[in-house]
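Per the numbering used here, the very first residue in the sequence shown carries number 953; after that it's consecutive. We put the beta carbon where it would ideally sit given N, CA and C, even for glycine. Beneath this line is the structure, given in structure tokens, with notes to follow.
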Amino acid sequence: MTKKGVRTTRNLDSKIRKATLEKRFQSLCKKAKELSILCDTEVGIIAFNHAENDIFAWPSVIQAIDRVKNYLACVETKKPVKFQKHETYLQSILDAQEKYIDQMEQKVEKMEMENLFRELVNARKRFDELEDREIKGLLKLFTVKRTKLEEKKQQLKQNI
């Protein structure tokens, strides 16, 4: 028998939403208790509902606050590593993805220019058919290839 998928859309009925919160919070507390026993760590959970001014805490509000205070009292150098805002985390992921996309775009452009160069050499394409962007890309490719040739020339002179 397969498990039902978890519904991730927001429920508009407040009774159903509250029942779901209580049910999920209880299962979360059970997992937190297991984690604290298995790993011998202090675990505290605080959930706050702005709309109804409800606060849910495990094991209790006082103990959860004490655990947060203990955490905040830890060494300053460890805090930035462990305590990270969700926005900061998402921004770091976004930055990494943008960097990866930029690298892939550069790689694709380089491959396109090398293919275009081969087409020019094999007379499949004429120079007057090229666009400005292609010409600029080819000029960059030519300078890169020329510097590589110069480096190889220097190496050969040193070996002789």
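Helix, strand or coil at residue i according to DSSP, with G and I counted as helix
| i | result |
| --- | --- |
| E1105 | Note that residue 1105 corresponds to Lys in the displayed sequence, not to Glu. It is helical. |
| T961 | coil |
| E1083 | coil |
| N1067 | helix |
| K1097 | helix |
| K1062 | helix |
| K1092 | helix |
| N1074 | coil |
| M953 | Any reading at M953 is ruled out, since the residue's pLDDT is 49, under 50, leaving its predicted position unreliable. |
Close beta carbons around residue i, own chain, < 8 angstroms, minus the five adjacent residues each side
| i | result |
| --- | --- |
| E1113 | Since the first residue of the chain shown is 953 and the last is 1112, residue 1113 is not available in this structure. |
| A1048 | none |
| G1089 | E1061, E1064, M1065, L1068 |
Whether residue i touches residue j by CB criterion (9 angstroms)
| i | j | result |
| --- | --- | --- |
| E1086 | M1065 | yes |
| L1068 | L1082 | yes |
| I1007 | I998 | yes |
| A1009 | V995 | no |
| L973 | N1001 | yes |
Sequence-distant residues of the same chain with beta carbon closer than 7 angstroms to residue i, five excluded per side
| i | result |
| --- | --- |
| T1029 | Only weak support exists for where T1029 lies, its pLDDT of 49 falling under 50; the value from the coordinates is given anyway. If we look at T1029 and ignore the five residues flanking it on each side, it has no Cβ neighbours. |
>> Quick check for students: name the residue ranges of the beta strand (DSSP E) that lie wholly in the segment 968-1054, counting only runs of 3 or more.
In response: Within the segment 968-1054, the complete beta strand (DSSP E) runs of at least 3 residues are 997-1001, 1006-1010.
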